[in-house]
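One structure is given below, encoded as structure tokens.
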Amino acid sequence: MSTRWPLSAYTISIPHMTPEQGVEAVHAAGYSGIEWSVHFHAPEISRQPTRLHRNDLCFVEPTHDAVKHARRLSQAAGLRISGLGLGGQFNRPEGAKGAFELGEIAGAPFIRIQAGSTLEGASFGSAFEAAVRVCDAYVREAEQHPDVKVVLHQHWGTATASASALYRLLSGYDPRYIGCIYDPGNMCVEGFEDYRVGLGILGHYVAHVHLKNVRYGHGLMVDAWHREWAPLDDGLVDLRHLFGALDEVGYQGWIVMSDVGESREETAMLRYNHTFLSREMEVALHG
Amino acid sequence: MLRGMPSDDALELITRAGYSGVHCELPATEDVRDLPHLRDEVTVTCVGFAPDDRNPVAPEHAAEVAESLHASNVRVCGASLAGQSYQAAFEATLRTCEAFSRAASKRGLRTLLHQRWGTVTASASQMYRVLERFDPREVGCIYDPGSMTIEGYEEYRIGLEILGRYVADVHVANTRHFPSAHGTVWQWEWSPLSDGLMDLQRLARALRRANYRGWITLADRCPGPSAAALLQADRRMLAQAFDDLEGIGSHNPSRPLDDHVDLAERAIRDIHAATADDTAENAIEVSAGGLGR
């Protein structure tokens, strides 16, 4: 079934599959793209049990050979690479050149970075300036790499958690050379602004959309509720409102399924979410 | 939270429960000649008009009412996006702030932009986009962690750093969220201060760190308990958080409070600026919101 926007699956959602199993399962579930998580595992991580962000199996190491292999695997399975989710070593100015090279080798239209962490107590001002230094380096490098666009990931715990904070940073740059990943799931942790407001502010900077979900719960021995990852169909993200807002601004990019709710077996999750997202798009756009 | 109650009864409840100020949320048709005793018994921190997100009263009249109650602030809200583009709503918000600021400034009052869900100023970052065009002595804001539980949450420490000395008042309220009976998207309801997303301890620490010296305004809309019971229970909750009394719920080991971090350069600069020209109280005082009929 074709959808208003092409659907891709992010490999962080399928941590128990090998890359070979992953491409087969993603294609079989109906997605037309795959988004690769690109990172190294430190030796101590490989001794941990496999799960989300902990010794996951479905990723690519940031080397030219590994990325070439991922490209071949994806093509053989009939999948386009929608983007590369680059790991922490690329979230610094020195990472820019290598990041674009990997994007070109993969044939990926987008490379994802994060910047400006506030989690370890940095002030907003210093986190923002750190993010500016990273973006400056990427934008300078971008002119040499017309086929790959760098996208800054809207992310809780950074100086760009909300759409308006993202805009404050990105407005200093030409949207031809840098864009953002609009991430409604991350916003439920920090930075939620109504989708029509956020997309209205960000305009042409929105290049890519990631979808995950979050719900809130009452913890033990604490007053304030906590946030937890949730399956796409059980949380705060209002997909119909989102798809309506994306349609309103004429969004033309990918929808990247990044479910980290860990509530279904991964093959079943891929299929369920493809059906669910297709239906929600249909209802949002055609009633 | 005291809406619908005769003002005499409300005043007695507020003062008996230990609150020293009141945020007056008045119906647009309120005849303020009925309320002169208010100003003699408590500090009227701010005057706003219901429905809050529509700014139903003209700037001149709103400022006049605030002046007659000896309030120091008059409240406005940002525009909603209903039926218009973001840019149009943003510009409408700027025009509202300009008009209120003109009317309020000539009476020595400050205009406060209220952070509110469902408007183009739901988050601290969004508010800053508007506020940066104004002198903070003339236009400030009401920072609203209760509203943020619905839309606009940015880490308190970060939001307060972004807003700096624009923050003039802090409203506390709470919501909790639950799965919908009709669809896949969760819904929310107003809830007690002790049971929802708002993290009072974390907020108190962020305010202390920012050297905040203004009002804390209780805006509890939790249905059920009587106003008297809410005022008393919430006073204890607020005291526990703001006096840093340890107790169950006062520390969540999985979300460290980052008190060990030195104040940032920017924050220090802003605090100096604020203390130099600010005559705000030295201690945080608590006021109760929503007086009116």
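Line by line, the protein sequences are chains A and B.
Under my numbering, read the first sequence as residues 1 to 287, first letter to last.
Under my numbering, read the second sequence as residues 1001 to 1293, first letter to last.
Using N, Cα and C, we set each Cβ at its ideal position, and we do this for glycine too.
No experiment lies behind these values; they were computed from the predicted model shown.
Neighbour list for residue i in chain B, Cβ cutoff strictly below 8 Å
| i | result |
| --- | --- |
| A:Tyr216 | Arg1176, His1177, Trp1186 and Leu1197 |
| A:Leu236 | His1177, Val1185 and Trp1186 |
Contact set between residue i and chain B, taken where Cβ atoms lie within less than 7 Å
| i | result |
| --- | --- |
| A:Trp5 | Those do not exist, as A:Trp5 stays about 19 Å from chain B at its closest Cβ, beyond 7 Å. |
| A:Ala131 | The premise fails here: A:Ala131 is roughly 13 Å from chain B at the closest Cβ pair, so nothing lies under 7 Å. |
| A:Gly172 | By Cβ distance, chain B contributes nothing, its closest Cβ being about 14 Å from A:Gly172, past 7 Å. |
| A:Ala92 | A quick correction: the sequence has Arg, not Ala, at residue 92 of chain A. None at all; the shortest Cβ gap to chain B is about 21 Å. |
| A:Arg168 | Ser1125 |
Interface residues of chain A facing residue i [CB-CB closer than 8 Å]
| i | result |
| --- | --- |
| B:Tyr1153 | Glu190, Gly191 and Phe192 |
| B:Leu1200 | Asp223 and Ala224 |
| B:Glu1161 | Ser123, Phe124 and Gly125 |
Beta-carbon proximity of residue i to residue j, cut-off 7 Å
| i | j | result |
| --- | --- | --- |
| B:Ile1216 | B:Val1170 | yes |
| B:Val1120 | B:Thr1096 | no |
| A:Ala96 | A:Glu141 | yes |
| A:Trp225 | A:Tyr216 | yes |
| A:Gln123 | B:Glu1161 | The sequence shown places Ser at residue 123 of chain A, not Gln. Closer than 7 Å, so yes. |
| A:Gly116 | A:Ala159 | yes |
| A:Val214 | A:Arg227 | yes |
| B:Arg1221 | B:Ala1173 | yes |
| B:Leu1112 | B:Ile1142 | yes |
| B:Leu1069 | B:Glu1041 | no |
| B:Arg1137 | B:Cys1077 | no |
| B:Trp1190 | B:His1177 | no |
| A:Phe311 | A:Glu20 | Examination of residue 311 of chain A is not possible in this model, given that chain A is present from 1 through 287 alone. |
| A:Gly157 | A:Leu119 | yes |
| B:Leu1013 | B:Leu1231 | yes |
| A:Leu232 | A:Asp194 | no |
| A:Leu246 | A:Pro184 | no |
| A:Gly139 | A:Tyr173 | Reading the sequence as shown, one finds Val at residue 139 of chain A and not Gly. In this structure, A:Tyr173 lies closer than 7 Å to A:Val139 by Cβ. |
| B:Glu1155 | A:Glu190 | yes |
Residue i at chain A interface by Cβ criterion, 7 Å
| i | result |
| --- | --- |
| B:Leu1131 | no |
| B:Leu1081 | yes |
| B:Ser1194 | yes |
| B:Ile1158 | yes |
| B:Val1120 | yes |
| B:Leu1086 | As written in the sequence, residue 1086 of chain B is Tyr, which differs from the Leu given in the question. Yes - at least one Cβ of chain A is within 7 Å of the one on B:Tyr1086. |
| B:Gly1249 | At B:Gly1249 the pLDDT is 48, less than 50, meaning the model places this residue with poor confidence and gives no usable figure here. |
| B:Asp1259 | Residue placement at B:Asp1259 is poorly supported in this model, since its pLDDT is 46, which falls under 50; the coordinates still yield a value, given next. No, no contact with chain A. |
| B:Arg1266 | With a pLDDT of 31 at B:Arg1266, under the threshold of 50, the modelled position of that residue is not reliable, and the figure given next carries that caveat. B:Arg1266 counts as touching chain A. |
Contact set between residue i and chain A, taken where Cβ atoms lie within less than 9 Å
| i | result |
| --- | --- |
| B:Val1172 | The contacting residues do not exist; B:Val1172 stays about 12 Å from chain A at best. |
| B:Ala1028 | Ordered by position in chain A, no residue passes the 9 Å Cβ test against B:Ala1028, which lies about 26 Å from the chain. |
| B:Ser1072 | Per Cβ cutoff of 9 Å: no residues; B:Ser1072 is ~28 Å from chain A at best. |
Residue-chain proximity (residue i, chain B), Cβ-Cβ < 7 Å
| i | result |
| --- | --- |
| A:Trp225 | yes |
| A:Val197 | yes |
| A:Ile255 | no |
| A:Gly200 | yes |
| A:Ala161 | yes |
| A:Asp233 | yes |
| A:Thr291 | In the structure as shown, chain A begins at 1 and stops at 287. Residue 291 of chain A is therefore absent and cannot be evaluated. |
| A:Thr50 | no |
| A:Thr118 | yes |
| A:His16 | no |
| A:Leu211 | no |
Under 7 Å by beta carbon: chain A residues contacting residue i
| i | result |
| --- | --- |
| B:Gln1126 | Ser164 and Glu193 |
Near the ligand MN: residue i beta-carbon under 6 Å from a heavy atom
| i | result |
| --- | --- |
| B:Glu1012 | The ligand MN is not part of the structure shown, which contains no ligands of any sort. |
Requested in this report: Report yes or no: do three or more beta-carbon pairs, one from the stretch 1042-1051 of chain B and one from the stretch 1017-1027 of chain B, lie closer than 8 Å?
Outcome: With three or more CB-CB distances shorter than 8 Å, the stretch 1042-1051 of chain B counts as touching the stretch 1017-1027 of chain B.
Query raised in the report: Can at least three beta-carbon pairs, one atom from the stretch 1130-1138 of chain B and one from the stretch 1159-1169 of chain B, be found at a separation below 8 Å?
Result: The stretch 1130-1138 of chain B, when compared against the stretch 1159-1169 of chain B, does touch it at the 8 Å Cβ threshold.
Query - Stretch-stretch touch, CB-based, cutoff 8 Å, three pairs: the stretch 18-35 of chain A with the stretch 77-94 of chain A - result: Cβ pair count under 8 Å is three or more, so yes.
Query raised in the report: For the 8 Å Cβ check, are there 3 or more pairs between the stretch 254-274 of chain A and the stretch 194-202 of chain A?
Result: Too few Cβ pairs lie closer than 8 Å, so no.
Query - Touch test, the stretch 107-127 of chain A against the stretch 149-166 of chain A, Cβ-Cβ under 8 Å, three pairs minimum - result: Yes, the stretch 107-127 of chain A touches the stretch 149-166 of chain A.
Requested in this report: Pair every Cβ in the stretch 1141-1153 of chain B with every Cβ in the stretch 107-120 of chain A, then say whether three or more of these pairs are closer than 8 Å.
Outcome: Counting Cβ pairs under 8 Å, fewer than three are found: no touch.
**Report entry** Runs of alpha helix (DSSP H) lying entirely within the stretch 42-87 of chain A, each at least 4 residues, in chain order
**Finding:** Those alpha helix (DSSP H) runs which fall completely within the stretch 42-87 of chain A and span 4+ residues are 64-76.
Query raised in the report: Is it a yes or a no for the stretch 253-262 of chain A touching the stretch 5-13 of chain A, going by three-plus beta-carbon pairs under 8 Å?
Result: At 8 Å Cβ cutoff, the stretches touch.
**Report entry** Entirely enclosed beta strand (DSSP E) segments - the stretch 183-252 of chain A, minimum 3 residues
**Finding:** The qualifying runs are 206-211, 213-217 and 226-230.
Requested in this report: Please specify which runs of the beta strand (DSSP E), each continuous and at least 3 residues long, are wholly inside the stretch 1069-1129 of chain B, giving them in chain order.
Outcome: Entirely contained in the stretch 1069-1129 of chain B, the beta strand (DSSP E) runs reaching 3 residues are, in chain order, 1073-1077 and 1110-1114.
Query raised in the report: Three or more beta-carbon pairs under 8 Å between the stretch 1058-1070 of chain B and the stretch 1080-1092 of chain B, yes or no?
Result: Cβ pair count under 8 Å is below three, so no.
Query raised in the report: At what residue ranges does the stretch 85-155 of chain A contain a whole run of the alpha helix (DSSP H), taking only runs of 4 or more?
Result: Listed in chain order, they are 96-106 and 124-142.
Query raised in the report: Between the stretch 9-23 of chain A and the stretch 45-63 of chain A, are three or more C-beta pairs nearer than 8 Å?
Result: By the C-beta criterion, the stretch 9-23 of chain A is judged to be in contact with the stretch 45-63 of chain A, since at least 3 inter-stretch pairs fall below 8 Å.
Requested in this report: Could I get the ranges of all uninterrupted beta strand (DSSP E) runs contained in the stretch 1002-1035 of chain B, with 3 residues as the minimum, in chain order?
Outcome: Whole beta strand (DSSP E) segments, 3+ residues: 1021-1027.
Query raised in the report: In chain order, which beta strand (DSSP E) runs of at least 3 residues are fully inside the stretch 1200-1237 of chain B?
Result: With a minimum length of 3 residues, the continuous beta strand (DSSP E) runs that stay inside the stretch 1200-1237 of chain B are 1215-1218.
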